[in-house]
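Colleague: 1 is the number of the first residue of the sequence shown in my numbering; add one for each residue after it.
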Amino acid sequence: MKKLIYLLGVWPILTCAGQAADRSSFDPKVTEVWEWKPAKVTPGKNPGDAPSDAIALFDGKDLSKWTTLAGSDASWNIIDGALTVTKGKGDIKTRQTFGDMQLHIEWRTPADVVGEGQGRGNSGIFLQERYELQVLDSYESVTYSNGQAGSIYKQSVPLVNACLKPGEWQSYDVLYTAPRFSDNGRVIVPAYVTVLQNGILIQNHIQILGTTEFKGFPVYRPHGKASIQLQDHGNPVSYRNIWVREL
Ligand code: MG
Numbered sequence: 001m002k003k004l005i006y007l008l009g010v011w012p013i014l015t016c017a018g019q020a021a022d023r024s025s026f027d028p029k030v031t032e033v034w035e036w037k038p039a040k041v042t043p044g045k046n047p048g049d050a051p052s053d054a055i056a057l058f059d060g061k062d063l064s065k066w067t068t069l070a071g072s073d074a075s076w077n078i079i080d081g082a083l084t085v086t087k088g089k090g091d092i093k094t095r096q097t098f099g100d101m102q103l104h105i106e107w108r109t110p111a112d113v114v115g116e117g118q119g120r121g122n123s124g125i126f127l128q129e130r131y132e133l134q135v136l137d138s139y140e141s142v143t144y145s146n147g148q149a150g151s152i153y154k155q156s157v158p159l160v161n162a163c164l165k166p167g168e169w170q171s172y173d174v175l176y177t178a179p180r181f182s183d184n185g186r187v188i189v190p191a192y193v194t195v196l197q198n199g200i201l202i203q204n205h206i207q208i209l210g211t212t213e214f215k216g217f218p219v220y221r222p223h224g225k226a227s228i229q230l231q232d233h234g235n236p237v238s239y240r241n242i243w244v245r246e247l
């Protein structure tokens, strides 16, 4: 690590010097990093499988890692390994809190299509309980673009519509960097997020502007680590194979 820090420090000098100097006498070992060894992680067997260092949040069997927003045991239905929004039970959130993370989550809107726009297969994944990655049936249903599936709700339109048909399982792979706040609560660095839907890039390192707001504009309020929250929007959207890696 010391060598890495040293290299970062001398890099501008080396870069400037290198532009003019003959590099033939430069020892290539100077720019090699040996002390810092990345931890070994074993990938899952199939795409979407959790790697060896992931935390499984829902493996198809129980909801022990989830609570209601009030903190009591979560009680959405689990049928055939799928966790389904149970209307009126409210949002659920993970017991464990997270900051920077890699999240994998699979979701399915109902095959029996009911409703239109925001009323068709609506749920959502709130990163740190505040920033909603929209879940919606947007296969053929039209709504405002910054509210369709894959949007950061009312903030960022997905790059493309990568939705599968209602009733089919889809995936989000999310790379999230939490916001940083100063001691007096000001934003030092905002949150950033990258999202792949069904393997297709739909949000490319976009800056999150603040909390998801249905009315009005986003705003940042300081917070630390927080849960992953799933939305009960009254539609029976299902989830499975949810895992996270803390970064
Ligand atoms: Mg939603």
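We treat Cβ as the ideally placed atom computed from N, Cα and C, and that holds for glycine.
(1) Report the option in Leu-247, Leu-103, Ala-70 whose CA atom is closest to the CA atom of Leu-196.
(2) Would you check whether the ligand MG has a heavy atom nearer than 7 Å to the C-beta of Gln-231?
(3) In the DSSP assignment, find the unbroken beta strand (DSSP E) run with Lys-259 in it and report its ends.
(4) Does the distance from the CB of Asn-122 to the CB of Asn-235 come in under 8 Å?
(5) Quick one, which of Val-244, Glu-132, Glu-106, Gly-117 has its alpha-carbon nearest Leu-83's?
(6) With which residues is Gln-102 paired in a DSSP beta bridge?
(7) Among Pro-166, Leu-159, His-223, which residue has its Cα nearest to the Cα of Gly-210?
(8) By the DSSP assignment, the beta strand (DSSP E) with Phe-58 in it spans what residues?
(9) Enumerate in chain order the residues of its own chain whose CB-to-CB distance from Leu-127 is below 6 Å, with the five nearest sequence positions on each side excluded.
(10) Could you tell me the boundaries of the beta strand (DSSP E) in which Glu-140 lies?
(11) Can you tell me whether Tyr-239 is buried or exposed, with buried defined as 16 or more other CB within 10 angstroms of its CB?
(12) Please classify Thr-31: does DSSP put it in a helix, a strand, or coil?
(13) Could you round the C-beta distance between Asn-146 and Ser-156 to whole angstroms and report it? I think they count as a contact, below 8 Å.
(14) May I ask which residues mark the beginning and end of the beta strand (DSSP E) holding Val-41?
(15) Reducing DSSP to helix, strand and coil, say where Gln-148 ends up.
(16) Rounding to the nearest angstrom, what Cα-Cα distance links Leu-63 and Arg-180 in this structure?
(17) Would you kindly report the start and end of the unbroken beta strand (DSSP E) that includes Tyr-153?
(18) If you measure from the CB of Val-114, is any heavy atom of the ligand ADP nearer than 7 Å?
(19) Taking Cβ to Cβ, would you say Ile-202 is nearer than 8 Å to Gly-150?
(20) Can you tell me the Cα-Cα spacing of Arg-120 and Lys-40, whole angstroms?
(21) With DSSP as the reference, identify every bridge partner of Phe-214, one or two as the case may be.
(22) Going by DSSP, what residue range makes up the beta strand (DSSP E) through Ile-125?
(23) Relative to the C-alpha of Gly-60, which residue among Glu-168, Asp-22, Thr-97, Ile-78 is closest?
Modeller: In short, the structure shows the following:
(1) Leu-103
(2) yes
(3) Since the first and last residues shown for the chain are 1 and 247, residue 259 lies out of range.
(4) yes
(5) Glu-106
(6) Leu-175, Arg-245
(7) His-223
(8) 55-58
(9) Tyr-176
(10) Segment: none, Glu-140 is in no beta strand (DSSP E) and carries neither H nor E.
(11) buried
(12) helix
(13) 7 Å
(14) Taken as a continuous stretch (DSSP letters only), Val-41 belongs to no beta strand (DSSP E), as it is neither H nor E.
(15) coil
(16) 30 Å
(17) Here Tyr-153 belongs to no beta strand (DSSP E), and DSSP marks it neither H nor E.
(18) Of the ligands this structure carries, namely the ligand MG, none is the ligand ADP.
(19) yes
(20) 42 Å
(21) DSSP, once it has assigned bridges, lists no residue as partnering Phe-214.
(22) 123-127
(23) Ile-78
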